[in-house]
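Q: One structure, pasted below without further comment.
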Amino acid sequence: MDALPSELVTAISLFLSHHDLKAFRLCCKAYAALAESALFDNFEFRLWPRRERFAELEALTNAPTIASKLKVLSFESGVPLEYADYRYWQAQVYKALSSNWAQSHSGHAPPEGEYRKFHAALQSRFTENVRWDYALYRQYLDVESDRVANSLDAMLARSLSLLSQYCSNIQFKLLMREPQISLEEVEHFVPECDIYQCPETQDPRQQVLDRRRNTLAHFLKFLSATQQSPFDLANLTMSSIPFQLIDQPDALVTLKDAFSSLTSLSLDLSALPHSDWLSRAGLTEPYSRGRSTSARQLRQLLDQPQNLQCLRLELPRGKEAEFSFELFDRTNLDRFPRHFLSNLTHLSLSRFRCSWPDMQLFLQEATNLQTVVLVDGRLETASLIDLLWFMPTLKLGRVSLGGKWYVDEDEGQWHANSKDDFTDCIAATVYEGPYVQRGMKHRIEEFLVNGGNDCPLPRWTPQGREEELWELYGDTSWHYLPAMGE
1 MDALPSELVT AISLFLSHHD LKAFRLCCKA YAALAESALF DNFEFRLWPR RERFAELEAL
61 TNAPTIASKL KVLSFESGVP LEYADYRYWQ AQVYKALSSN WAQSHSGHAP PEGEYRKFHA
121 ALQSRFTENV RWDYALYRQY LDVESDRVAN SLDAMLARSL SLLSQYCSNI QFKLLMREPQ
181 ISLEEVEHFV PECDIYQCPE TQDPRQQVLD RRRNTLAHFL KFLSATQQSP FDLANLTMSS
241 IPFQLIDQPD ALVTLKDAFS SLTSLSLDLS ALPHSDWLSR AGLTEPYSRG RSTSARQLRQ
301 LLDQPQNLQC LRLELPRGKE AEFSFELFDR TNLDRFPRHF LSNLTHLSLS RFRCSWPDMQ
361 LFLQEATNLQ TVVLVDGRLE TASLIDLLWF MPTLKLGRVS LGGKWYVDED EGQWHANSKD
421 DFTDCIAATV YEGPYVQRGM KHRIEEFLVN GGNDCPLPRW TPQGREEELW ELYGDTSWHY
481 LPAMGE
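In full-length UniProt numbering, the protein residues as written are 1 to 486.
So, in structure tokens, the structure goes:
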């Protein structure tokens, strides 16, 4: 088998799942190289706050043929739920395993005895020892998170130095995600001796603060290590990153250094989970002279790159007004110009609100734009039809409007749905039939690029009844709903 032609192995690999390919390669050492290209072509290696996971990254450098195919290096960290006690976790695990079992038998009804046998076996796994092991495992995750926070930059710097011998370029990704605990992890967990010697924090407020600070420290040290590595930090994705990261006193220097060399940035801002143990102020003072500290510092960070060409920005929910003010406000443009707009060729902006003059000037400053994607916007002045007539004057290659748009002057909201999300729309059942591929949204986006004298929707006038026409022209891809606020 190990002497098979590589072409034949490649052809066979196309018909096997990744799970089967992994089992095939593990069955014999001689087969380890078979289907390697199918499994590891431009693959992503995910890190999380466990020392053994960093050891696996370092072990990857011992396999040069695999390491050379690494495309993305991502790091996931997050804050565990405070209320995820044993009963909550047991219910979540039971629901997930039961759902997976039901889906595996969706093609045929399982025998009654098999159904009872599955649930009896699953219930028998939740013993009293599991309750105790789950509590220990949560404490173990806190200990590991603290250890990684203190040594992440050193561990990652060593691995990146070794990887640079085989990879010329790597994309880096950061993601905040709640740590998930599986039943198998708890069952196979063997507590270390030193975990009992670690003093357990009695003050729940201090425990919550430590978890949050460790999560933020993980992200900062990851960025610091990548910025100091032999790789060029040109492409960075930050998904669901808490805006509190920008508030940290020691974070701004690290973030400025990391952002300075970027040509592509995808930044999705969120917030740390709510805590009943902490005050609303959080870790730092959120406002300075009446303005959001994190929003003002985000504006400074966006101006750090000298050649930022692609920007995808999602503002945090509930903070749209504060962050949008720093992005769109024209009051201090002479003193604080938006340098990042001049080099942008691709712009995607989500969850924002502004007035129409601010939006118009913002887009006009980006003189090199080729594509624009605007999602979930709020126009405080003018009509959305004004935006439709304005976009063709920019002469862009692609324009897309998506999500929900709240427009005060239109006295309602607009829904621009895609094929993937139109069934989630509250008005999806009003329009008959499936998603309209070449419906109103398609016509509008063609008009946004090509322009012309005939906009698919009539202009708003104080005396007219355009709202009735807007409703009449709607379909599953694009429609107007009157008198609906946020």
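For glycine and all other residues, C-beta sits at the position ideal for the given N, C-alpha and C.
#1: To the nearest angstrom, how far is the alpha carbon of E468 from that of Y134?
#2: So, with DSSP's three-state summary, where would you put T381?
#3: Pair every Cβ in the stretch 243 to 256 with every Cβ in the stretch 184 to 191, then say whether three or more of these pairs are closer than 8 Å.
#4: Can you tell me which of L384, D41, L162 and T345 puts its alpha carbon nearest to the alpha carbon of E58?
#5: At what residues does the alpha helix (DSSP H) containing E466 begin and finish?
#6: Please look up how many angstroms separate the CB atoms of L73 and I170, rounded, as I've assumed it's under 8 Å.
#7: Quick check on the burial criterion: 16 or more other C-beta atoms within 10 angstroms. Buried or exposed for G107?
#8: Start and end of the beta strand (DSSP E) containing I246?
#9: Note down the Cα distance separating D142 from L183, rounded to an integer number of angstroms.
#10: Quick one: which unbroken beta strand (DSSP E) runs of 3-plus residues sit fully inside the stretch 55 to 112? Chain order, please.
#11: State the Cα-Cα distance for the pair residue 537 and M391, rounded to the nearest angstrom.
#12: As an exercise, report each continuous beta strand (DSSP E) stretch of at least 3 residues that is fully enclosed by the stretch 342 to 380, in chain order.
#13: Tell me which same chain residues have a C-beta within less than 7 Å of the C-beta of A321, skipping the five on either side of it?
#14: Taking the straight line between their C-alpha atoms, what separation do you get for L262 and L387?
#15: Starting from V407, trace the beta strand (DSSP E) in both directions and tell me its first and last residue.
#16: Alpha carbon to alpha carbon, how far is L223 from Q139? Give it in angstroms, no decimals.
#17: State the Cα-Cα distance for the pair P357 and Q364, rounded to the nearest angstrom.
#18: Of the residues L245, S240, A258 and I241, which one's Cα is nearest the Cα of F231?
#19: Look at W405 and G377 and say whether their C-beta atoms are less than 8 Å apart.
#20: Threshold first: 4 residues or longer. Then list the alpha helix (DSSP H) segments lying entirely within the stretch 128 to 197, N to C.
#21: Tell me the rounded alpha-carbon separation between A281 and H274.
#22: Inspect the beta-carbon positions of L269 and E314 and report whether they are closer than 8 Å.
#23: Just to confirm, are R338 and T371 a CB contact at a threshold of 8 Å?
#24: R212 to K117, Cα distance in whole Å?
A: Taking the geometry as given:
#1: 58 Å
#2: coil
#3: no
#4: L162
#5: E466 to L472
#6: 5 Å
#7: exposed
#8: Where I246 is concerned, there is no enclosing beta strand (DSSP E), although the alpha helix (DSSP H) it sits in stretches over Q244 to D247.
#9: 18 Å
#10: 70 to 77
#11: Here the chain comprises residues numbered 1 to 486, so residue 537 is not present and cannot be evaluated.
#12: 346 to 354 and 371 to 379
#13: R353
#14: 30 Å
#15: R398 to V407
#16: 26 Å
#17: 11 Å
#18: A258
#19: yes
#20: 128 to 163, 183 to 187 and 193 to 197
#21: At A281 the pLDDT is 48, less than 50, meaning the model places this residue with poor confidence; the figure from the coordinates comes in the next sentence. Each residue's alpha carbon lies about 11 Å from the other.
#22: yes
#23: no
#24: 42 Å
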